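A short worksheet on the structure shown next.
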Amino acid sequence: MGETSIEWTDATWNPVAGCTILTAGCTNCYAMRMAARLDAMGVDKYAGLTRKTGGRAKWTGQIFLDRNALSIPATWSKPRRVFVNSMSDLFHADVPADFIADVWKVMAETPRHTYQILTKRPDRMVEIVPGLPKLPNVWLGTSVEDSRVLHRVDELRLVPAAVRFISFEPLIGSVAGASLRDIHWAIVGGESGPGARFMDAAWVDEIQRMCRGAGTAFFFKQWGGKNKKAAGRVLNGRTYDEMPAAL
Numbered sequence: 118m119g120e121t122s123i124e125w126t127d128a129t130w131n132p133v134a135g136c137t138i139l140t141a142g143c144t145n146c147y148a149m150r151m152a153a154r155l156d157a158m159g160v161d162k163y164a165g166l167t168r169k170t171g172g173r174a175k176w177t178g179q180i181f182l183d184r185n186a187l188s189i190p191a192t193w194s195k196p197r198r199v200f201v202n203s204m205s206d207l208f209h210a211d212v213p214a215d216f217i218a219d220v221w222k223v224m225a226e227t228p229r230h231t232y233q234i235l236t237k238r239p240d241r242m243v244e245i246v247p248g249l250p251k252l253p254n255v256w257l258g259t260s261v262e263d264s265r266v267l268h269r270v271d272e273l274r275l276v277p278a279a280v281r282f283i284s285f286e287p288l289i290g291s292v293a294g295a296s297l298r299d300i301h302w303a304i305v306g307g308e309s310g311p312g313a314r315f316m317d318a319a320w321v322d323e324i325q326r327m328c329r330g331a332g333t334a335f336f337f338k339q340w341g342g343k344n345k346k347a348a349g350r351v352l353n354g355r356t357y358d359e360m361p362a363a364l
């Protein structure tokens, strides 16, 4: 928890750990592998959150609420962008609404930071967020890996937020036909690590054109693959690090 190599944020903060495989985008989740590694290292927070199946770590569905972690953002004096729950999903069904409210309170009390919350469960986000304060330093997003989960974009549009964003990562299929109306930021990236699936450059170009048409900031994170550093993040001769105007 803390500094991170993720290109679009400055730090990670994990008041929740553990998750459940939901759709195809979860198949090679890096957080499952990391949780298994941390468990093997004896980190209590990650004990029992994964199990080995077919030689690979998979989520067990167990969720850990780390109330001690709620105090961490207050200790960061320098303003930073904070990815909330890189090792879980704040809107998982087993995360109580009152705990989500506690996370909101922390974010309200530390307005110097910009919080980026990404979920694969925007339907639950729609249920809970309208009952919480709309905070100018909180960005709300959803993950979309292919056309089968485009409904998440429509659900995200229903959520009151200073910034709404979509992570098209891992992009494993075309999302042609998606609408980015009222979406402020799009992150695009290929899958990386063992068993990484193919990402077609044409799918990336489709999203970039959508962004231009909707006035959505476009951030190209990576091509991915087994060696993501070797593949790099140059698209059509340059890098794209656009951020939403609210920043």
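Quick note: the sequence shown uses the numbering used here, first residue 118, plus one each step. Every residue gets a Cβ at the ideal spot worked out from N, C-alpha and C, and that includes glycine. Predicted model only: the values in this text are computed from it and were never measured.
Exposure label - residue i; buried when at least 16 CB within 10 Å
i: residue 120; result: exposed
i: residue 174; result: buried
i: residue 346; result: exposed
For residue i, the residue or residues it bridges with in DSSP
i: residue 339; result: 306
i: residue 281; result: 257
i: residue 134; result: 181
i: residue 140; result: Residue 140 is not bridged to any residue.
i: residue 352; result: 355
i: residue 205; result: 135
Enclosing beta strand (DSSP E) for residue i [first to last residue]
i: residue 174; result: 173-176
i: residue 162; result: Careful: residue 162 lies outside any beta strand (DSSP E) and carries neither H nor E.
i: residue 199; result: 198-201
Where the alpha helix (DSSP H) containing residue i begins and where it ends
i: residue 330; result: 318-331
i: residue 221; result: 214-226
i: residue 155; result: 147-157
i: residue 192; result: 189-192
i: residue 234; result: Segment 231-236 is the beta strand (DSSP E) holding residue 234; no alpha helix (DSSP H) there.
i: residue 239; result: 239-245
Integer-rounded CB distance, given that residue j should sit under 8 angstroms from residue i
i: residue 284; j: residue 235; result: 6 angstroms
i: residue 125; j: residue 336; result: 6 angstroms
Coil, strand or helix - residue i by DSSP
i: residue 276; result: coil
i: residue 296; result: coil
i: residue 286; result: coil
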